[in-house]
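Residue numbers (my numbering): 2 to 66.
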């Protein structure tokens with residue numbers, strides 16, 4: 002599964018734009034691990050705003066399915 006690799010890459014330390022791109026890829030793949038990551042990012046007050054926006058959007062889209 003590629004999601005754990007992408008999550009590891011994300012947490013290894015990426016810039017704002019690269020992190021947002023990794024989150025977009027994770028969101029497109031979807032699944033339980035993606036949803037968990039997005040919930041964690043939304044709940045964490047130290048999350049970069051651009052990452053929070055991506056996470057919130059994917060969580061909202063997931064609710065629509």
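Virtual Cβ for every residue (Gly too), placed ideally from N, Cα, C.
These figures come from a predicted structure and were not determined experimentally.
(message) With distance defined between alpha-carbon atoms, name the residue in 3, 38 and 48 nearest to residue 16.
(response) 48
(message) Does residue 35 come out as helix, strand or coil in the three-state DSSP assignment?
(response) helix
(request) Would you mind stating whether residue 23 and residue 10 have Cβ atoms separated by less than 8 Å? (result) yes
(message) On the criterion of 16 or more Cβ atoms from any shown chain inside 10 Å, does residue 20 qualify as buried, or is it exposed?
(response) buried
(request) Starting from the C-beta of residue 57, find all residues in its chain whose C-beta is less than 8 Å away, skip the five residues before and the five after it, and write them out in chain order. (result) 39 and 43
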